[in-house]
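Every letter in the sequence shown is one number past the one before it in UniProt numbering, and letter 190, counting from 1, is 190.
C-beta: ideal position from N, C-alpha, C; glycine also.
See below for the structure under consideration.
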Amino acid sequence: MLSSAVYAARASLIEETEENKMKDRRKAEEVEGKKQSFPMKQILLMEMSWYTSPEEASGSPSSCASDVYRLGVLLFELFCPLSSREEKSRTMSSLRHRVLPPQLLLKWPKEASFCLLLLHPEPSSRPTLGDLLQSDFLNEQRDDMEEREAAIELRHRIEDQELLLEFLLLIQQRKREVAEKLQHTISFLCSDIEEVAKKQGRLKEITGAELRCDDHSTSSFPSMTVVDSEDSACTGTRKRFRPGMHVRNMEEYDDNIVDDQKNQGSYLSKSSRLMRNFKKLESAYFLTRCRPSLARPVARHLPLANDGRGSVVVSERSCVNNLASKEQCREGSSAWINPFLEGLCKYLSFSKLKVKADLKQGDLLHSSNLVCSLSFDRDGEFFATAGVNKKIKVFECDAIINEDRDIHYPVVEMASRSKLSSISWNTYIKSQIASSNFEGVVQLWDVTRSQVLSEMREHERRVWSIDFSSADPTMLASGSDDGSVKLWSINQAIPFLHLGVSIGTIKTKANVCCVQFPLDSARFLAFGSADHRIYYYDLRNLKVPLCTLIGHSKTVSYIKFVDNVTLASASTDNTLKLWDLSTCASRVIDSPVQSFTGHMNVKNFVGLSVSDGYIATGSETNEVFIYHKAFPMPALSFKFQNTDPLSGHEVEDATQFVSSVCWRGQSSTLLAANSTGNVKILEMV
1 MLSSAVYAAR
11 ASLIEETEEN
21 KMKDRRKAEE
31 VEGKKQSFPM
41 KQILLMEMSW
51 YTSPEEASGS
61 PSSCASDVYR
71 LGVLLFELFC
81 PLSSREEKSR
91 TMSSLRHRVL
101 PPQLLLKWPK
111 EASFCLLLLH
121 PEPSSRPTLG
131 DLLQSDFLNE
141 QRDDMEEREA
151 AIELRHRIED
161 QELLLEFLLL
171 IQQRKREVAE
181 KLQHTISFLC
191 SDIEEVAKKQ
201 GRLKEITGAE
211 LRCDDHSTSS
221 FPSMTVVDSE
231 DSACTGTRKR
241 FRPGMHVRNM
251 EEYDDNIVDD
261 QKNQGSYLSK
271 SSRLMRNFKK
281 LESAYFLTRC
291 RPSLARPVAR
301 HLPLANDGRG
311 SVVVSERSCV
321 NNLASKEQCR
331 EGSSAWINPF
341 LEGLCKYLSF
351 SKLKVKADLK
361 QGDLLHSSNL
371 VCSLSFDRDG
381 EFFATAGVNK
391 KIKVFECDAI
401 INEDRDIHYP
411 VVEMASRSKL
421 SSISWNTYIK
431 SQIASSNFEG
441 VVQLWDVTRS
451 QVLSEMREHE
461 RRVWSIDFSS
471 ADPTMLASGS
481 DDGSVKLWSI
491 NQAIPFLHLG
501 VSIGTIKTKA
511 NVCCVQFPLD
521 SARFLAFGSA
531 DHRIYYYDLR
541 NLKVPLCTLI
551 GHSKTVSYIK
561 FVDNVTLASA
571 STDNTLKLWD
581 LSTCASRVID
591 SPVQSFTGHM
601 NVKNFVGLSV
611 SDGYIATGSE
621 TNEVFIYHKA
631 FPMPALSFKF
641 QNTDPLSGHE
651 VEDATQFVSS
661 VCWRGQSSTL
671 LAANSTGNVK
681 ILEMV
């Protein structure tokens, strides 16, 4: 009981203490509120006293004049800002007696007089609201503001017009530059048209003179003049004039020429391939026109080629030899015409690739029948195939074309110990063919006896490419994955062992994928490398390349000489490029003459072959593409069809690709093989 009484007394004491603390806190808050609210009330009372007009202070009611007085006080506060409260209180008390600060009178005299007018103690002496709206003070400020706004708007409009003017002047400048270029283009187009017209007229004179000479001929032997005139070549036709053909006069002949030109124009306009690629042909024309130094003089190519294409042939008794010689002398001034005309005519001469024969040489004993290389002999009579089936097979071309068989057997078959990568037929000795394999061995074969004559074993890794020299058929070159190019002489071998010994070696830092001799010399050699470059060597100095060709972005897989100074190259960067070796004075060529695109080649070696300006290559779309050296787009293409042996239906196989191509000499016949071992003999028609 005692402890409960003590606990109750202690609890009541604590409650009283808490109540006292709460009371003290409330009192403190009230005092603080009074302290804080008192200055605000005082300020409001002071503001009210400042804005109270004298008549209101004396007890009169408020009126419009009182509002004018308050407006005067407001303007005074706007024009005379004060920092401290005490200074403002003193100034506003003085304002009641119309006493203004000296700084306001000096800085804003008009504003000060206007405030005094509004603060007049007599209400009747103050201006009314109407007077205020019509006063010069307010209207002058508004006029100034409107003038400033108008000036600002005018300045913005001037700046906008200057921007538009500058934009139009820039367009005018650029269009003038385009017009100047266009005028320049039109001027040399006119000169080119005039030059071609002159050449056509001279050819008419030559043809007319031939006809007159043939009409007066008394020889008993019939003669025929073939003229591949420039107007007829574009249609892929030739005009033949026989001595017995009766021509009444040259006017009839001129009329025939005019009719032929009209037919030619209609042909060009109806040629879908030409119109489809017109922009590219136009670009090729301008490129050729602007770089006339790259054009080859045609005087050295005047003799008739094997196929008679692109030449003018006259009889031995022709009486126009002098005219022909004058024509040759004039070629120098228009050297661009003949290369472009040759390319245009050859581009339009053929419309498609036709299958002449289909050779299926699949080997049941080998699951893979990839054909890595094709090669014709010197006469184009026989061709050989080689690939991963480790066999060199030789076929007679005409027999395959003429015999309608499902299966064609080789006339000669030679077996190798390893997969074959490349073959090259000797350009002089018809019975000799060289091969290279994946073990790095180069072998020389006697086709008639089907045996190996000699072996070259100096390479340490796979040999990708070999090539016989056309100028010296005893010279053989090989390129290997060991980063070396070796030169061989087929006449030098170790007796009794039949082992060839190299006569020179070029060491490089990357794999060598292709080698090629020029057409007319055994002193030079070009090879492509996995470092994306092509090297051109003078074989009298094997230490430093004579020239390096830079432009591909991936491995250079093939190179072929189009002529003595023009080189075509293929790469897995999806392009073919054309190079002019006559411009290698600086030892580096980084600008190809032409870049060909249209086929697909990003992974495999798809083959490359050249003939008479045509460049053939395979594609990873299982197609053959043919370009002409003058134009960057394909002229022709052909797709291999994959047939199911059971159903006989065509099926798509994305893994198949054309692996090798080879022209049959300087002809329109092309040999092509794909990754399944299917070989086709194609002809441009």
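According to DSSP, residues forming a beta bridge with Tyr536
Ala526, Cys547
Locate the alpha helix (DSSP H) running through Glu56, then write down its first and last residues.
54-57
Closest Cα partner of Asn642 within the set Pro634, Glu652, Leu169:
Glu652
Distance, His628 Cα to Thr575 Cα
14 Å
Would you mind listing the beta strand (DSSP E) stretches within the segment 394-438 that are 3+ residues and don't spill past its ends, in chain order?
412-415, 420-425, 432-437
Buried or exposed, going by whether 16 or more other CB atoms sit within 10 Å of the CB of Ala150?
exposed
For Pro632, count neighbouring Cβ atoms within 10 angstroms of its own Cβ and tell me buried if that reaches 16, exposed if not.
buried
Quick check: the Cα distance between Met414 and Ile503, rounded to an integer number of angstroms?
27 Å
When we look at the beta-carbon of Met684 and count the other beta-carbons within 10 Å, is it buried (16 or more) or exposed?
buried
For Gln394 versus Gly677, is the C-beta distance shorter than 7 Å?
Looking at the sequence provided, one finds Val at residue 394 rather than Gln. No, these two residues do not count as a Cβ contact at 7 Å.
Count the other CB atoms, across all protein chains shown, that sit within 10 Å of the CB of Asn426; report buried if there are 16 or more and exposed otherwise.
buried
Is the distance from the Cβ of Thr91 to the Cβ of Leu78 below 7 Å?
no
Using only CA atoms, which one of Ser416, Lys356, Cys345, Glu458 lies nearest to Gly613?
Cys345
For Pro339 and Ile589, the rounded distance between their alpha carbons
22 Å
Within the same chain, show all residues whose beta-carbon is closer than 6 Å to that of Leu100, passing over the 5 residues directly before and after it, in chain order.
Ala112
Indicate the three-state DSSP secondary structure (helix, strand or coil) for Phe596 in the structure shown.
strand
Taking 6 Å as the limit between beta carbons, can you name the residues of its chain near Asp192, skipping five residues before and five after?
none
Measure the C-alpha to C-alpha separation of Tyr253 and Gly201 and round it to an integer number of angstroms.
The pLDDT assigned to Tyr253 is 44, lower than 50, so where the model puts this residue is not dependable, and the model offers no usable value.
Would you kindly check if the distance between the Cβ of Asp472 and the Cβ of Ala522 is under 7 Å?
yes
On the criterion of 16 or more Cβ atoms from any shown chain inside 10 Å, does Val314 qualify as buried, or is it exposed?
With a pLDDT of only 33 at Val314, under 50, the local geometry of the prediction cannot be trusted, and the value read off the model is given with reservation. Its Cβ being crowded by 16 or more others within 10 Å, Val314 is buried.
Does the segment 589-605 come close enough to the segment 547-559 that 3 or more CB-CB pairs lie under 8 Å?
yes
Cβ-based burial, His156 [other Cβ within 10 Å; buried from 16]:
exposed
Compare the Cα-Cα distances from Lys509 to each of Ser480, Ser93, Ala386 and report the closest residue.
Ser480
Among Ser436, Phe167, Met40, whose alpha-carbon lies nearest the alpha-carbon of Arg461?
Ser436
For Arg289, tell me which candidate among Lys543, Thr185, Ala357, Glu205 has the shortest Cα-Cα distance.
Thr185
How would you label Val411, buried or exposed, when you count the other beta carbons within 10 angstroms and need 16 or more for buried?
exposed
First through last residue of the beta strand (DSSP E) which encompasses Pro281:
The residue asked about is misnamed: residue 281 is Leu in this sequence, not Pro. No beta strand (DSSP E) holds Leu281; the alpha helix (DSSP H) holding it covers 278-290.
From the DSSP output, read off the bridge partner residues of Lys360.
Asn678
Over what stretch of residues does the alpha helix (DSSP H) that includes Phe640 continue unbroken?
Premise fails: Phe640 is in no alpha helix (DSSP H) and is neither H nor E.
Just to confirm the assignment: which complete alpha helix (DSSP H) runs, minimum length 4, are found wholly within the segment 117-198?
129-134
Within the same chain, show all residues whose beta-carbon is closer than 8 Å to that of Phe383, passing over the 5 residues directly before and after it, in chain order.
Leu374, Ser375, Phe376, Asp377, Val394, Phe395, Cys397, Cys662, Arg664, Leu671
When Ile429, Val463, Asn402 are compared against Ser418, the one with the closest alpha-carbon:
Val463
So Ile466 and Ser478 are supposed to be a Cβ contact under 8 Å. How far apart are they, rounded?
5 Å
I need the straight-line Cα distance from Val610 to Phe167, nearest angstrom please.
52 Å
Could you check what DSSP says for Met633 in three-state terms: helix, strand or coil?
coil
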